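Notes follow the structure.
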Amino acid sequence: MTLLTRITTYEGIPLWRHVGALRWAAQIASAVVVVTLVVWFFANIVNAIQDRQIPHGFSFLQRAYQTPIGQHFLPYDSSDSFLYALVVASTNTVIVAVAGVALATMLGIVIGVARLSNNWILSSLSKVYIEFFRNVPLLVQLFFWFYIVLELPPIREGYVIGGNLYINNRGITMPWPAADSLIAVVLWLGLAVGAVLLGAAVHRMLVRREISTGKSSYPVISGIAVTLGGGALAWLLIGMVAGEAPLTVSYPEEYGAFGRLQNGFTASAGLLALLIGLVMYTAAFIAEIVRAGIQSVGRGQFEASRALGLSPIDTLRHVTFPQALRVIIPPLISQCLNLTKNSSLGGAIGYSELTNVAKTMTQTAPAVSIFLLIMAAYLAMSLSWSLVGNLYNRYVRIVER
Amino acid sequence: MATRDVPAKTAEVPPPMMTVGVMGWARENLFSAWYNGALTIVLGVVTLLALWFGFAWIFGPADWEVIAKIGGRFVIGQYNTEAACIGQDCFWRPLAGLMLVTMLLGMAWGVAGGGFTKRVAITVTAVAALAAFIPYSFDVMGLDVRLLLLANIPALFVGLALARYTRLGTMKWIAIMSVGVFLLTLLLLRGLPWVPGLQPVSVIYWGGLMLNLLLAVAGIALSLPIGIALALGRRSRLPVVKMLCVVFIEVFRGVPLITLLFMSQVLVPLAFPENFPQNSLFRAAIIITLFSSAYMAENIRGGLQALHPGQEEAARSLGLSGWQTTAFISLPQAVRNVIPAIVGQFIALFKDTSLVYIIGMLDIVEMGRAFIQGNPQYLDNAQELFIFLALVFWVFTYGMSYVSSKIEGNLGVGSR
Amino acid sequence: MDASNGHENLEKTAANGGEMADEDIIICRDVHKWFGSFHALKGVTTSVREGEVVVILGPSGSGKSTFIRTLNRLEEHQRGDIIVDGIELTKDIRNIESIRSEIGMVFQSFNLFPHLKVIDNITLAPMKVRKWPRARAEEDAMTLLERVGIPEQADKYPSQLSGGQQQRVAIARELAMQPKIMLFDEPTSALDPEMIKEVLDVMGELAESGMTMLVVTHEVGFAREAADRFLFFDHGEIVEENTPKEFLTNPKEERSKLFLSQIL
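Protein chains in written order, with this note's numbering: chain H, 1 to 401; chain P, 402 to 817; chain B, 818 to 1081.
Written out as C-alpha cells, the structure reads:
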C-alpha cells in the first residue's frame, strides 16, 4: 500500500490527477505515436529500397542529367549534372514567381481600388473580374491561355511588329539586353544602385528643406534627375574604360530555311501562358485583399482627412493607403507564396519549372532523394517570402513608434 | 389668423429632382464629376464592344461540337467504357448514387421546412431531371439513362416524405445518412466481387466531374475536423504537441499540392507494406485532405486567436473542464468567426481537385484536354472547351460562396 | 524529496486548517505570485468566514484582481497555501475542478457566451458539469432569472441585452452552479452609470441571503452598506484590514488615507 502510494504520487498528489504529470503524459503519448508512425514508414521505405533494389542516396547529383530542359534562363546543356539541372529548374521557378508577383500586385492594386470606385461601371467590371478569375481553377485558365498561344500562326506566317517583335505559336521573341563583359555589367549595376540611393537621399533632403523653409524645391524631379544622371554617368565612364557599353541590345534575327529565330529573348508559349494565367488569377485575390484593406481603414479617417482639405487622391495616398498597408501585407505575402507554389502547374503547359523537372528526373534517379531536395527548395522559397513579410512588419512597427 | 397663412413648411418638401430616381442614381454613380463621366463613357463603349464581339463569337465562329462530343465523359469519365466494366452494364451505378443524393436533399428540405434548403434541393433535382432531355440520339444516350435521370424527381419526394412522416427527420439523422450515402455511393461505384451485376470497377476509370466531386466531398468532410485538431494542437501548452503540429502545418503549406500528389504516387506505396491495400484515388484523397487541413488549421487558429480570453476564463470558472470549454465555448465561436475563410478553403479544395491530372486520373479538366489532344481536329476549339470548363467550375464555386453567405446570414444573430 | 512526506504534510495542513477555524471557508497563507519578474502578490495572508462579505479596495495594479483570480486558479500562485472549503489548491486536477465549481466568478466584461441564448448560458454548466437533465436545469435557470429580475429575456442573445442586464445574467449563470462563494471582479466598472444600481441591488440581495462574497469594487456606497470587512491592497500586499466604518472614517495606515482622499 505505502509502496504503491509512494510510486504513484508526486507532491502528495496521485499522478493521474497531477496537472503537471498529466501534461507530461500527453506529450509523451503523442510523441510516441508520431515517432512510431514515422519509424514504421521509414522502416517500410528502407525495406522496400533494399528488397526491390530501388536506387537511393545522393550520388546521382554528380551524374549528367542527359535530358533537355525547354526554356531555361541559365545556360544549360544536356551534359550538365543533375545538381545543375535542379538549379536551372529552380531559377525558372523563381523568375516566374518574382515576375508574376510584381505584375499581379500591380494589377491587383488597380482592380482593388477600381472595385471601390464610385463609378458604377468601373466597380462592377472589377467585381465581375474578381468573381470570375478567382472561382475558376488556375489549371483551366492556364490551358485556356496556352492553347490561345498555340493557335497563333507558325513562325513563318507569324506577326512581326516593328521589325523586331515576333509573335507566333512558339511564343514572343523580342529584343533583350545582352552583356559582352560580365564585370562591366555588374560594375554598372552596382553604380546604378548607388545612383538610385543617391537620388533617394537627395529627394529626402529636399523634402526636409521644403518642410523647414516652406519653399518648394522640387524634390521628386530633382531625385529622379540625380538618379538618371548618375546612371548615365556611370554608363559613360564604364564605356570609356572598357571601350564599349556595359549592355548592348540583342535583336532577334531570322535564320535558316524555316525562318527560325535567334538572338533576342523568346518567351515560350508555356512561359507566356503561365505568366498571364498566374498574374490574372492571383490579381483577383490581391484585389480582394486590397479592397478589404482599404475598407478596414475607418470612414472617420477619410472624413477627417477631407475635412482638413486634402483631395481624394492625396487622402488615398497619404492617409488611407499607409494605414491599409498594415492590413494588406500579411495576406499579400501569403498570396506571393501561393503564386510561387502555383507556378508548379507550369509543367502541365510545358514550362520546365522545378516540379516538372523533378518529375522527369524520378525516371532515372532515386525518387526519395529528389523529393527531399525539391521539398527543401520550396520550403526555402516559402521562408524567403515569410522573411520579406517579417522585415516589412518590423519596419512598420518602427514607423509606428 | 397669421398661422393660417403659413404653409406647413417643415413637412414633405420633395427632394430635388437630381438626387432620386434613375437620374439621381446615374448622377451619383456615373457622372459625379467630369472625369467620372468621361470614364463612364469610355468604359461603357469598351464593355459594349466586348459584349458585342463576345456574343458574335459565341453564336458565330465558335464551334461547340467538342463539348457535345465529349458529353457524358465530362460527368463520369471512362466509367462506363468496355474496359472499365467488362461484360456488364455499370452506367446505372453513378446514376443511382445521384438519386441517393437527391433523396438526401429531399430529407434536408423536409427538416429545414423550405426556404433556402428547398431551393437548393429543387435546383439540383431539376438540373438532373432536365438532363434527361438532352437532344442526343438514343444510341448515345439511351432511354434507360434518361429514365434514371428522371427518377431523381420521385427520389426527392421520397426523401421529403421520409423526413416528414418517419423519425428520420432530424438533423442528426441527416448527418448520419450523409455519411451513409457517401459510403454507399463509393461502394456502388467500386463494386463487390461476389455480387453478380456489381462487379468491381477499377478506380483508374473513375473520372469526370464525378471524380472532382468525390474528392471534394471527402476532403471537405475530413479537412475541417483534422484542421480543428491541428489548430488546437498548435495552440497547445504542451511543447511537443505544438511542435509536431507546427511542423506538419508548415511542411504541407510550404510545398505545392501538385508536388505532394506526384510524390505520394511514388513514395506512399513504399511507405506501407507491400500487401497493404491502396490505390491512386485513395492516395490522392488523403493528400488533398491533409493539404487542405493544414490551411484549415491556420484559418481556425485565426478564429481562436480573435476570441476574447475572458470567454475561456468564464467557462473555466464555471467548472467546465478544458475539453468542455474548447468544445462548447471556444470552437463554436472561433469557427463561426471564420466561416468565410473556411468556405474559401472549401472552394480552393474543389478547384484543387483538378490537379489529379499529375497522377494520371482523368478528372473533368483532364478528360477534356485528353480528348482534344487525342483528336487534333478539335485542337482549334480549345477555347470553347476551356470556357465551358471554366463555367462549370464557376457555377459550383459561386454556388458554394452563395450558400456560405446564406449560412452566415442565418448565424448572424448572436454572433456579435 | 520524499514523496510520502509531502503526502502526509498535505493531510496535516488540511487537518490543521479544520482545527484552526471551523467557519473559515477561505484560508490564504503567505500567498506569492510573480508575472515573470514582477512580484504581483507579496505574501497575502487572510481568511474569510462562511457568509462573510469582504470588499477589496485598492489602486489599480495593486494585485486585488490577481488575488481573487488565484482563489479559483485562473492564476496559479507560486508560493504559500490557499485552502478553499477544506480543499487545498494544488496541482491536483480534481481539487482544481471541484473548487472551480464551488466558486462563482463575475467579471468586469461580463464574458457571457455570445453564441448561446441567455437561458443556454445559464444551463450549460449545470448540464455539463453537474450532469443535470435539461428540464431541471432550465427550471432552475428561470428561477434565477426571476431572482435577478429579467425572466423575459431568456430567449434572447447576450448582444441584444443592455450592459446591466448582461451582468445580471452573468450573476445568474454563476448562481446556477450553486456556489458556496462568489467572487466579483469590478462587476460595475464597464457599466453606464444608470445601470450600475440594478446590478448592485442584485449583489446586495445576494449578500443578505448569506452568500460568502469577495468583491473588488470602487463603489464605496455599496461597500459600506453590504460589506462586513474591507481589505485594502497596495503593491501586492494587504495594507489594512478593517471594518467598513472604521476604514472609511478612521483609517489606520497612511496609504489608506491617501487612497481614500483620491476616491472620495
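Cβ coordinates follow ideal geometry from the N, Cα and C atoms, glycine included. Note that the structure is predicted; figures quoted are calculated from it, not measured.
Query	Result
Pairwise C-alpha distance: R291/H and V327/H	10 Å
Cβ contact check for the stretch 353-360 of chain H and the stretch 637-650 of chain P: 3 or more pairs under 8 Å	no
Environment of V1056/B [buried if 16+ CB atoms lie within 10 Å]	buried
7 Å CB neighbourhood of L449/P in its chain, flanking five on each side removed	none
Contact set between D464/P and chain H, taken where Cβ atoms lie within less than 7 Å	The premise fails here: D464/P is roughly 13 Å from chain H at the closest Cβ pair, so nothing lies under 7 Å.
Extent of the continuous alpha helix (DSSP H) run through T105/H	F82 to R115
DSSP-derived helix/strand/coil call for V872/B	strand
Helix, strand or coil at K850/B [DSSP, three-state]	strand
Distance, G860/B Cα to N833/B Cα	Low local confidence applies: a pLDDT of 42 at N833/B is under 50, so the model's placement there is unreliable, and no value is given.
Cutoff 8 Å: R1072/B Cβ touching any chain H Cβ	no
Where the alpha helix (DSSP H) through Y147/H begins and ends	L138 to L150
Three CB pairs or more closer than 8 Å across the stretch 861-874 of chain B and the stretch 1030-1048 of chain B	yes
Best match in K1069/B, S1073/B and L1031/B for proximity to I843/B [C-alpha to C-alpha]	L1031/B
Beta-carbon contacts of R917/B that lie in its chain and below 6 Å, excluding the five residues immediately before and after	N889
Between the CA atoms of P14/H and L891/B - distance to the nearest angstrom	22 Å
Cβ-based neighbour list, A735/P, same chain, cut-off 7 Å, excluding 5 preceding and 5 following	I701, G704, L705 and L708
Cβ of L589/P within 8 Å of any chain H Cβ	no
Exposed unless 16 or more other CB atoms sit within 10 angstroms - verdict on E785/P	buried
Minimum Cβ-Cβ distance from S918/B to chain P less than 8 Å	yes
Check whether Q301/H and V279/H have beta carbons under 8 Å apart	no
Entirely enclosed beta strand (DSSP E) segments - the stretch 1001-1048 of chain B, minimum 3 residues	1029-1033
Beta carbon of W188/H nearer than 8 Å to that of A234/H	yes
Proximal chain B residues relative to I13/H, where beta-carbon distance stays under 7 Å	T907, K908 and D909
Assigned secondary structure, V602/P (DSSP; H/G/I helix, E/B strand, else coil)	coil
Reference L83/H, options L387/H, L61/H and N44/H, closest by Cα	L61/H
N-terminal and C-terminal residue of the beta strand (DSSP E) that A857/B is part of	F855 to R866
Chain-ordered residues of the stretch 938-954 of chain B with a beta carbon less than 7 Å from chain P	L941, A942, K945 and V946
Bridge partner(s) assigned by DSSP for G425/P	G425/P is not bridged to any residue.
Helix, strand or coil at P55/H according to DSSP, with G and I counted as helix	coil
CB contact flag (L668/P, V368/H, <8 Å)	yes
Whole-angstrom distance between A695/P and P137/H, CA atom to CA atom	20 Å
Inter-stretch contact (C-beta, 8 Å, three-pair minimum) for the stretch 65-83 of chain H and the stretch 667-682 of chain P	no
Cβ-heavy atom distance, V128/H to the ligand GDP, below 7 Å	By its list of ligands, the structure shown contains no ligand whatsoever, and the ligand GDP lies outside what it can speak to.
Minimum length 3: unbroken beta strand (DSSP E) runs contained in the stretch 869-938 of chain B	870-874, 896-901 and 920-923
E157/H burial status per 10 Å Cβ neighbour count (16 or more: buried)	exposed
Per DSSP, cross-strand counterpart(s) of L440/P	Note: L440/P sits in no beta bridge, so no partner.
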